[in-house]
Each structure stands twice: as structure tokens, then as C-alpha cells.
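The numbering used here puts the first residue of the sequence shown at 92, with every later residue one more than the last. Every residue gets a Cβ at the ideal spot worked out from N, C-alpha and C, and that includes glycine.
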Amino acid sequence: MAQHDPILLYVSRLLDPQTAADAAALYAWCRRLDEIVDTPDDNSDNSNTTTRAQLEEWQDRLDQLWDGRPVDAMDAALYQCLQRQQLDRTPFDDMIAGMMADTVNHPRRIATMADLEEYGYQVAGTVGLMLLPLLNANNTTLAQAPAIALGQAIQLINILRDATPDGTMGRIYLPQDLLQAKGVLESDILAGQSSPQYQAVVQQVAHRAEELLQAAERGKQCLPGLGPLLVQIIVELYRGYLDQLERPTENASGSVRTQA
């Protein structure tokens, strides 16, 4: 699985084998959940109803997992991680809630940057919270905000990257108030057109993503051992993606490919 995800690749190389295996189990759970939402049959209400049913089933599976009744081998690997690590269930439930929002509200729109950051916490910042126990943070309380910030930054960058393909699925995550203030039409996003108005939106979201990356950098010393190096590698990786996305020719079209 590491060959398909740069973050997991660095985790597997920098952390001890057992911690890397636990991280892989967490990644597999998150990835399978993500695929439920990202691979609908179409954009219809019926498809969204089907996806909601699958997410509800996933919530039931999480209940079973926490009760010590994993459904399959991948769930069993995560259950073994739960046995070794003191994982809080809240981030898992919050991630499912974020995914569920993609199906309840159709077409999917996000009103403000604050709403977008809350969504970013649900679907990506939660991953940071899941990983903290594995990384043995020196001060878990202080490490939480930087961990969430890193996930939010990654999500904002992914949203900039995937604006057009997400739009074709009925999901425009860029804040509506920002699009309206800059005079950007949804039809322009769907067409993958780069205009000065759209580029102004990209720059504003990118600026916030950079602020979140910096917050993650400032908090990396909460982690022992190679943890700070791991955080810095991820920050620089996504900062590079961000630099590409801020170029006028590479934004809504989704031409910049990243993995998350």
C-alpha cells in the first residue's frame, strides 16, 4: 500500500516496523471509508442514498470493531492496533460524520472558510489525531492542534487540486462566500478554466493552507525521535504541491497530481 501513498511511504521508512504496521492499518481503514464516498455510481439522489447506507454500515462495523468483533482481516489488523495503542474513538466517528455530510447535502456546497476548515478537520485532521498515540507525543494536548492543522492543510490542497473533478460529482468545496466575492462562476470551475478571479480564490485558500502548514511545523517538536522529521517531510511535500497549484496554469483543471 505504501507505493500508492507518499505519507505512508515515509511512515514505513522512518518508524519502527510495528508502528509502521499500525499506521498502515489506520490508513487502510481511512482509505476504504474514503472510497465509499469517492466512487459513487453517479450524482443522483439514489446514488447518494446508497452511499449513505454504506456509511451507516461502516459505522456499524466500527461499533463491532470497538466491541472486539472485527468483520474482516483489515479490520482485524486495526483491532490489533487498538489493543496496542490507546486510540480515542472520537476521530473515527468524526471522520464518518464528515463523509456523511457529502451525501446528506446534495449538491454539496460549503458556505465559508470556517465551514471548510471544520470539514477539513473531519475528513483529514482526524487522521493526525489517530496517529498521535502511535507517535508517542511528548505532550498529547499540545500536539493535537498541530496534528489537526496538518490534516486541514492537506485537505485544502487536495480541494484546490481536485476542484473540477469534485465539481463533476456535485461537490464544490471552495467556500461559496469567497467564490461570490471574487465573481467566480461554478460553471468556470466545472470547465477547469483558469481566470484571474479564480486565481484570486486559489491564492486565498492557498494562503490559509500555508498558515496551517506553518502551524504544523511549529508543533512538530511535540513528537519524539524521528517524529519531527516525518512532519517536516510531509509539510515540504505538500508545500511543493501548493507551489504548483498557485501557478495560473495549474489549478481547477486538476493537472497537478498528488496523493493523500
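Contact under 7 Å by Cβ, residue i with residue j
i    : j    : result
R262 : L304 : no
Q246 : G211 : yes
V162 : R152 : yes
L220 : P182 : yes
P224 : L178 : yes
D193 : R199 : yes
M165 : A119 : yes
A202 : Q267 : yes
V292 : L269 : yes
Simplified DSSP assignment, three categories, for residue i
i    : result
R175 : helix
R122 : helix
R180 : coil
E337 : coil
L314 : coil
D193 : helix
Same chain, Cβ closer than 7 Å to residue i, neighbours up to 5 away in sequence not counted
i    : result
Q369 : A question about residue 369 goes unanswered here, because the residues of the chain that appear run from 92 up to 351.
C313 : A228, N229, N230, L233, A234, P237
Neighbourhood of residue i by C-beta, 6 Å cutoff - its chain only, sequence neighbours within 5 removed
i    : result
E308 : V326
K311 : P319, V322
M191 : L146
Cβ neighbours of residue i in the same chain (closer than 8 Å, five flanking residues each side left out)
i    : result
L222 : A114, L117, A238
Residues bridged to residue i (per DSSP)
i    : result
R199 : R262
| message | I'd like the ranges of any alpha helix (DSSP H) spanning at least 4 consecutive residues and lying wholly in the stretch 203 to 274. | response | 204 to 211, 217 to 226, 231 to 252, 254 to 259, 267 to 273
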